[in-house]
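*Asks:* Questions regarding the structure given below will be posed in turn.
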Amino acid sequence: MAKEAKSRYATLRYNSQELLTDFNEEIQLGRNLSAFVRKANVVTVEDEVLAKIDTIIEKAETILEMFPDQLHMKIVLLKEASDVARVFKEKYGKNVNYVAFYSLSEATIYISVDDVNLAILAHEIGHAIVNHYFKVRPPYNVHELMAQFVEKRIDD
Ligand SMILES: [Zn+2]
Numbered sequence: 342m343a344k345e346a347k348s349r350y351a352t353l354r355y356n357s358q359e360l361l362t363d364f365n366e367e368i369q370l371g372r373n374l375s376a377f378v379r380k381a382n383v384v385t386v387e388d389e390v391l392a393k394i395d396t397i398i399e400k401a402e403t404i405l406e407m408f409p410d411q412l413h414m415k416i417v418l419l420k421e422a423s424d425v426a427r428v429f430k431e432k433y434g435k436n437v438n439y440v441a442f443y444s445l446s447e448a449t450i451y452i453s454v455d456d457v458n459l460a461i462l463a464h465e466i467g468h469a470i471v472n473h474y475f476k477v478r479p480p481y482n483v484h485e486l487m488a489q490f491v492e493k494r495i496d497d
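Going by the numbering used here, the first residue of the sequence shown is number 342, and it counts up by one from there.
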């Protein structure tokens, strides 16, 4: 059964507590970012994951200097890269070996928990913020460069 949990900036979808726990362990924040999470009201693993996600999103906005109104994204946790490939194939009919991707049409991040780390999640969140910020979508290369910029700076 899929579970959904909502934070200020994200709706998280996952299929099992184990997947959520694994995801939480893979997303290790540096000292600066963890300070924000500790201030939040964290009781359950789900609370901790949501607090981490919001912290990463706010840091990514600061890195990009983009603060779009009503920013909200969906994040779907998948077990492994083959699940990401299957979802991508269903949507776009193409075979890929991505560990994560951002669907522009759904404003949704699909991500493999087996492969995830802070940089990968931050990269996809970068795509989501850039997508919400611009009324006219920038060229793909620009979009990608901005996501890479977030990925490199997230832990500064
Ligand atoms: Zn990208």
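Where a beta carbon is used, it is the ideal one built from N, C-alpha and C, also for glycine.
Closest to HIS413 by CA distance: which of LEU486, ASN365, TYR350 is it?
*Replies:* Checked all of LEU486, ASN365, TYR350; the closest Cα to HIS413 is TYR350.
*Asks:* Measuring only from the beta carbon, is HIS464 closer than 7 Å to any heavy atom that is part of ligand 1?
*Replies:* At least one heavy atom of ligand 1 is nearer than 7 Å to the Cβ of HIS464, so yes.
*Asks:* Ligand 1 and ALA488: does any heavy atom of the ligand fall closer than 7 Å to the residue's C-beta?
*Replies:* ALA488: yes, Cβ under 7 Å from ligand 1.
*Asks:* Within the chosen definition, does the stretch 396-404 reach the stretch 458-473 through at least 3 CB pairs nearer than 8 Å?
*Replies:* Counting Cβ pairs under 8 Å, three or more are found: they touch.
*Asks:* Please classify TYR433 as buried or exposed, where buried requires at least 16 neighbouring CB atoms within 10 angstroms.
*Replies:* TYR433 should be labelled exposed.
*Asks:* Apart from the five residues just before and just after GLY371, which ones in its own chain have a Cβ nearer than 7 Å to its Cβ?
*Replies:* Within the same chain, GLY371 has close Cβ partners ASP496.
*Asks:* From which residue to which residue does the beta strand (DSSP E) around LYS393 run?
*Replies:* Careful: LYS393 lies outside any beta strand (DSSP E), inside the alpha helix (DSSP H) at 386-405.
*Asks:* Could you pull out every unbroken alpha helix (DSSP H) segment of at least 4 residues lying fully inside the stretch 400-488, listed in chain order?
*Replies:* For the stretch 400-488, whole alpha helix (DSSP H) runs of length 4 or above, ordered along the chain, are 422-433, 459-474.
*Asks:* What did DSSP end up calling ARG354 once you bin it into helix, strand or coil?
*Replies:* Here ARG354 sits in strand by DSSP.
*Asks:* Just to confirm, are PHE429 and LYS435 a CB contact at a threshold of 8 Å?
*Replies:* In contact: PHE429 and LYS435 (Cβ atoms closer than 8 Å).
*Asks:* So the candidates are ILE394, ALA422, LEU405; which of them puts its Cα closest to the Cα of LYS415?
*Replies:* Minimum Cα distance to LYS415 is reached at ILE394.
*Asks:* Any idea what DSSP makes of ALA346, helix, strand or coil?
*Replies:* ALA346 falls in the strand class under three-state DSSP.
*Asks:* Taking 8 Å as the cut-off, decide whether the C-beta atoms of ILE397 and LEU462 are in contact.
*Replies:* Cβ distance < 8 Å, so ILE397 and LEU462 count as in contact.
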